[in-house]
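Colleague:
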Amino acid sequence: MQQEFKQSIDKAIHNKNLTGALGKFSEAYKVNRAKAYEGIDFEALRSTIAERKGYAAAHVDELCATFKKNAEANGAKVFQTKDPAAVRDYILQVAKENNVKTVVKSKSMATEEIHLNPFLEKEGIDVGETDLGEWIIQLAGQTPSHMVMPAIHLTKEEVSDLFSKEIDERLTSDIPRLVKVAREQLREKFLQADMGISGANIAVAETGSIVIVTNEGNARLVTSLPKIHIAVVGIEKLVESFSDIVPILRALPRSATAQLLTSYVTMISGQTPNEEGSMKNLHIVLMDNRRTEMASDPVFKEAMQCIRCASCLNVCPIFRLVGGHVFGKVYTGGIGTILTAWYDEMKSSEDIQGLCIQCGACKDVCPGKIDIPGLIMEIRRRLVKEQGIPMLQKSIFAVVNNRRLFHSMLRAASVAGKPFTKGKFIRHLPLFLADLTDGRSLPAIAPKPFRDVFQKIKQPSLPEKAVFYAGCLIDFAYPEMGTAIVEILNKAGIEVVFPEKQTCCGAPARYNGAYEVAAKNAEDNIEALLEQSDATYVISACPTCTVALDHEFIQTFESIGKTENVPRAKELAAKTIDFSTLVKKLVDEGRLTLKEGQQLGKITYHDSCHLKRTLKADQPPRELLTKAGYEMEEMFECDTCCGMGGSYSLKLPEISGSILTRKLTNIKNTGAPLVAMDCPGCVMQIRGGMDQDGSDIAVCHTAELIAKRLKDD
Amino acid sequence: MYDQFRTKAEGVSAEVHRFQTQTEAMDFILEFMKQENVSDTPNQYAVWAQCPFLEQADKGKVSDVNGLYFDINRERANQARVGISQVDWALADTGTLVQDASAIDKRLVSTLPSIHIALLPSSAVLPDMASWLSCVNPKNTGYISMITGPSRTADIERVLTIGVHGPERLVIVCVDELGGDN
Ligand code: SF4
Ligand code: SF4
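Chains as they are written, first to last, in our numbering: chain A, 17 to 729; chain B, 135 to 316.
1) L371 (chain A): beta carbon under 8 Å from a heavy atom of ligand 1?
2) Can you check DSSP and say which residues form a bridge with E145 (chain A)?
3) Looking only at C-alpha atoms, which of A:G617, A:H622, A:C625 sits nearest to K643 (chain A)?
4) Where does M651 (chain A) fall in DSSP's three states?
5) Going along the region 288 to 301 of chain B in order, which residues come within less than 9 Å of chain A, judged by CB to CB distance?
6) P389 (chain A): which of A:V116, A:M283, A:A66, A:H626 sits nearest, CA to CA?
7) What does the alpha-carbon distance come out to for the pair Q154 (chain B) and L254 (chain B)?
8) Would you say I306 (chain B) reaches chain A, if we count a Cβ-Cβ gap shorter than 9 Å as a contact?
9) Hey, does A28 (chain A) have any beta-carbon neighbour from chain B nearer than 9 Å?
10) 9 Å is my cut-off, CB to CB: does G144 (chain A) come that close to chain B?
11) Anything in the region 254 to 265 of chain B with a Cβ closer than 9 Å to a Cβ of chain A? List those residues in chain order, please.
12) Let's test the definition: count the other Cβ atoms within 10 Å of the Cβ of A50 (chain A) and tell me whether it reaches 16, buried, or not, exposed.
13) At the level of alpha carbons, what is the spacing between R324 (chain A) and A500 (chain A)?
14) So, helix, strand or coil for G233 (chain A), using DSSP?
15) Going by the beta-carbon positions, is the gap between I683 (chain A) and R292 (chain B) smaller than 9 Å?
16) Run down chain A in chain order and give the residues with a C-beta less than 9 Å from the C-beta of L231 (chain B).
17) Could you please give the first and the last residue of the uninterrupted alpha helix (DSSP H) stretch that includes C80 (chain A)?
18) Determine, using beta carbons only, whether V798 (chain A) and L268 (chain A) come nearer to each other than 9 Å.
19) Roughly how many angstroms lie between the CA atoms of Q23 (chain A) and V181 (chain B), to the nearest whole one?
20) Residues of chain D with a CB under 9 Å from the CB of F335 (chain A): which are they?
21) Say whether the region 243 to 251 of chain B touches the region 192 to 203 of chain B, bearing in mind that this needs 3 or more beta-carbon pairs closer than 8 Å, one atom from each stretch.
22) Can you name the start and end residues of the beta strand (DSSP E) that S674 (chain A) belongs to?
23) From T157 (chain B) to D239 (chain B), what distance separates their C-alpha atoms?
24) Rounded to a whole number of angstroms, what is the C-alpha to C-alpha distance between G704 (chain A) and S556 (chain A)?
25) Helix, strand or coil, according to DSSP, for F204 (chain B) in the structure here?
26) Report, in whole angstroms, the separation of the C-beta atoms of I206 (chain B) and I251 (chain B), which I expect to be a contact under 8 Å.
27) To the nearest angstrom, report how far apart E88 (chain A) and P176 (chain B) are at their CA atoms.
28) Please tell me whether, using a cut-off of 8 Å, the distance from the CB of C654 (chain A) to the nearest non-hydrogen atom of ligand 2 is below it.
29) Going by beta-carbon coordinates alone, are G4 (chain A) and C375 (chain A) separated by less than 9 Å?
30) Does the beta carbon of N271 (chain B) come closer than 9 Å to any beta carbon on chain A?
31) List in chain order: all unbroken alpha helix (DSSP H) runs of 4+ residues lying wholly within the region 190 to 235 of chain A.
32) Between the Cα of P689 (chain A) and those of A:M283, A:P479, A:C716, A:K591, spot the shortest distance and give me the residue it belongs to.
33) In this structure, what does DSSP give as the bridge partners for Q233 (chain B)?
34) Does any heavy atom of ligand 2 sit closer than 8 Å to the C-beta of A52 (chain A)?
35) In the DSSP assignment, the alpha helix (DSSP H) including L588 (chain A) goes from what residue to what residue?
36) By the criterion of Cβ-Cβ separation under 9 Å, what are the contact partners of A247 (chain A) in chain B?
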């Protein structure tokens, strides 16, 4: 990781204005967005958008041709090119031919992408951004930090300083007054400008129309006052028919700013007369810049479904912490990582792709139905394929896959760290885990891994069998969770089998892009876990592992072309079930009975990312705990990531630490003395955080709590 | 449907009035201009774009108003306090006005002055955008404007502020008697 990148993260995290503004905004956003979507079937809506945009991406050449034909029939000149330099040259040429001195622009990410402003300015043309946020950014000499709210990182005091300098008059930070100043200043520019440059939010092939949404009304002026209008349109904006604008315009304002519709929607379908009767000189540039290539990539074609609403930024726990500038100069956040990898180059995303903690929050809200974390994983995979895995990581994976060696190394490290051990935690770990102890105590490594403990457990011989998959953390750090699970299942009349040959689920390798390693893990596990062919279930109490067994083994094989392994992977997936879902089912079936009449007091519950968003199992643990006699006190942002993210906390400890602090505060604010969760990784993160904090709030896996609450018969 | 339109439009800070006859609507507009001190001085003009309402109106009444212009250019519109135009449809579910704005005058009067009065035939309120699609053929409608409330921004510290580049007030005048396309 580059030093510079680390520094930019550091700077962002310590920028109180930024984290404050983004934090407040993201909290309000969630509520407002939900309100804006009231009465709308979001799943149906986004399926329609995904289908329509997916269709357009698959037929992009055809749609470009149809658009060109129809727009030209209405008097527009359409210029299509793959090359960003050709876009700049074309615009300059039109400007020169018409003796253009000044340009007004409404917001356009496409022109940001090709760095149009500095190019035109070098040619002596005055370029004025007119979107208030963009204008502020331009005055500040910065780049936008958010696709929809470019200047969200600046305070009103900073804005008033910028404006004061611009108009040479001392202004206060009164926002309505600042907006007035902008209106007056920019009004003159609008009236004088020789050319208007806009982007477009949608381009309709069937009618040759471009659709622009704004709130300020600047696009209306940019497209109406100057005699020349050039619209720069990325070809991912194309849709087939005019009716396709309906679902997009229903979702875009709701997702972007929680509005039912923006103040203005402008649809331009050809030349219209200017004031003195001449016709508007209208140019539409269809810009490719690797979009066609993207559209024909079997995985990344999905990114063409993006409608640039930026809601993936608004819900991202990382974005709200570090803001846009850490991500780069043009596109930011999760989708920005993907777009940068394509429109710039794969290598530019090397550092920023690591920012994604794979929590999946963005995927849930994306109106284009894009698997953003999935695509980021694919970038990782391709980067690793190209560049190989760093040596250190390679040796870690080698160790991780040798279970007994891994355990004894961890154990050795934990014993070596003994002088620093306090209770159940180690303060310092040597080796590669050293960074992990920052702000969080690590669990002491159990003297005996679960695989050895298991051999000593006396189970009755029972007719029904279930295979238990422990995963690294239960095996090595929390064997007591494994013991609790065996106890519970035995009570339900199920005998637990623990295949010795099970190994790491491959998530660490996969999340680092090392798909070959992950595939080897998958193969070994499939063999081990399916060996007991009469087992009804393969149960896991770690959602990351469950997701691996249930989904990712298949995906890993598919992405590297090992499709011959897919049927066995599917067989395993069919048997895989997470702890709480299974136990809830057993309780419902009357095979397990919880003790009655218990009053256990308040508890709060933390949703683990994978359990909630991939496995959709946020309710079973809550129902179990409530049934057991706990009084559920929901915390604020219960389903926001805890910052663990496997090795993420190792690579970006500052970000992970800040996210954890937030989580701890939310837990404490409930007043509950106990917090439950279904993931040993979250337990490790949150328990460690509470310990460092000196808090006495108990942090438990649901399994540990339920084991104590079952009737004996 | 009208009620839904009104609720939604008011929800985004538009002002909505409804009149049965054109005469009543005209009286309202004349009174409105008076209240806003429309006069023949820069920044106090009113500009009114050609529209069916105006064609059917009693010319005598409007020609008396000092500072009200029908002959529109950007300088005059820029110095106008009030701009008046007729819109063609409205969408109830979002409180949106829709206008065939191919004529530049309609855009000048609805973008540059600080107040925009939009005349709307009451019968032109449609349920939503999907039902509007069949009303228009973009191929022969060069410029369509959808307007939902006044101009707004939240670009400084996310604080909602009304009236950036466009009007800070949107006054919708629904007229029952005014025949529309519908
Ligand atoms: S998966 Fe989570 S961390 Fe990654 S981009 Fe999406 S919201 Fe951000
Ligand atoms: S990826 Fe999805 S959520 Fe993000 S900007 Fe695009 S459409 Fe919006």
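Idealized CB from N, CA, C, for every residue including glycine.
Modeller: Working from what's here:
1) By 1-based counting over the first sequence, the position of residue 371 (chain A) is 355. Flag set: Cβ of L371 (chain A) near ligand 1.
2) Residue numbering aside, residue 145 (chain A) sits at position 129 when the first sequence is read from its first letter. Answer is A:K121, bridged to E145 (chain A).
3) To locate residue 643 (chain A), count along the first sequence from 1; it is residue 627. Of the candidates A:G617, A:H622, A:C625, the one whose C-alpha sits nearest the C-alpha of K643 (chain A) is A:G617.
4) As a position in the first sequence, residue 651 (chain A) is number 635, starting the count at 1. Here M651 (chain A) sits in coil by DSSP.
5) A288, D289, I290, E291, R292, V293, T295, I296, G297, V298, H299, G300, P301
6) The count along the first sequence starts at 1 and reaches residue 389 (chain A) at position 373. When only C-alpha atoms are compared, the closest one is A:H626.
7) The residue given as residue 154 (chain B) occupies position 20 in the second sequence. The residue given as residue 254 (chain B) occupies position 120 in the second sequence. About 12 Å.
8) Looking up residue 306 (chain B) in the second sequence gives position 172. Cβ-Cβ to chain A under 9 Å: no for I306 (chain B).
9) Indexing the first sequence from 1 puts residue 28 (chain A) at position 12. No, no contact with chain B.
10) The residue you call residue 144 (chain A) lines up with position 128 of the first sequence. Cβ-Cβ to chain B under 9 Å: no for G144 (chain A).
11) D262, M263, A264
12) Position 34 of the first sequence, counting from 1, holds the residue named residue 50 (chain A). Flag for A50 (chain A) reads exposed.
13) The sequence position of residue 324 (chain A) within the first sequence is 308, counting from 1. The sequence position of residue 500 (chain A) within the first sequence is 484, counting from 1. Whole-angstrom Cα-Cα distance: 47 Å.
14) For this step, residue 233 (chain A) is matched to residue 217 along the first sequence. Here G233 (chain A) sits in coil by DSSP.
15) Position 667 of the first sequence, counting from 1, holds the residue named residue 683 (chain A). Position 158 of the second sequence, counting from 1, holds the residue named residue 292 (chain B). Contact: no.
16) By 1-based counting over the second sequence, the position of residue 231 (chain B) is 97. Within 9 Å Cβ-Cβ: nothing; L231 (chain B) doesn't reach chain A, min ~10 Å.
17) For this step, residue 80 (chain A) is matched to residue 64 along the first sequence. First-last of the alpha helix (DSSP H) with C80 (chain A): 76 to 89.
18) Residue 798 (chain A) is absent from the model: chain A starts at 17 and stops at 729.
19) Within the first sequence, the letter at position 7 stands for residue 23 (chain A). Within the second sequence, the letter at position 47 stands for residue 181 (chain B). Going by the C-alpha atoms only, they are around 56 Å apart.
20) Absent here is chain D; the protein component of the structure consists of chains A and B.
21) no
22) Position 658 of the first sequence, counted from the start, is the residue given in the question as residue 674 (chain A). Element bounds for S674 (chain A): not the beta strand (DSSP E) but the alpha helix (DSSP H), 669 to 685.
23) Translated into positions along the second sequence, residue 157 (chain B) becomes position 23. Translated into positions along the second sequence, residue 239 (chain B) becomes position 105. In a straight line, the C-alpha of T157 (chain B) is about 24 Å away from that of D239 (chain B).
24) Reading the first sequence from its first residue, position 688 is the one you call residue 704 (chain A). Reading the first sequence from its first residue, position 540 is the one you call residue 556 (chain A). Each residue's alpha carbon lies about 22 Å from the other.
25) Residue 204 (chain B) sits at position 70 when you count from the first residue of the second sequence. Of the three classes helix, strand and coil, the one that applies to F204 (chain B) here is coil, per DSSP.
26) By 1-based counting over the second sequence, the position of residue 206 (chain B) is 72. By 1-based counting over the second sequence, the position of residue 251 (chain B) is 117. Incorrect: roughly 14 Å between the Cβ atoms, too far for contact.
27) Residue numbering aside, residue 88 (chain A) sits at position 72 when the first sequence is read from its first letter. Residue numbering aside, residue 176 (chain B) sits at position 42 when the second sequence is read from its first letter. Their backbone Cα atoms lie some 40 Å apart in a straight line.
28) One-based indexing of the first sequence puts residue 654 (chain A) at position 638. No, Cβ of C654 (chain A) sits at least 8 Å from all heavy atoms of ligand 2.
29) Because chain A in this structure spans residues 17 to 729, residue 4 (chain A) falls outside the shown range and cannot be described.
30) Here residue 271 (chain B) corresponds to residue number 137 of the second sequence, with the count starting at 1. Output row for N271 (chain B): interface = yes.
31) 191 to 208
32) In the first sequence, the residue the question calls residue 689 (chain A) occupies position 673. Of the candidates A:M283, A:P479, A:C716, A:K591, the one whose C-alpha sits nearest the C-alpha of P689 (chain A) is A:C716.
33) Indexing the second sequence from 1 puts residue 233 (chain B) at position 99. DSSP lists B:S279 as partners of Q233 (chain B).
34) Against the first sequence, residue 52 (chain A) aligns to sequence position 36. Outside the cutoff, so no.
35) Translated into the one-based positions of the first sequence, residue 588 (chain A) becomes position 572. It spans 582 to 591 - the alpha helix (DSSP H) in which L588 (chain A) sits, taken as one unbroken run.
36) Against the first sequence, residue 247 (chain A) aligns to sequence position 231. Per Cβ cutoff of 9 Å: no residues; A247 (chain A) is ~13 Å from chain B at best.
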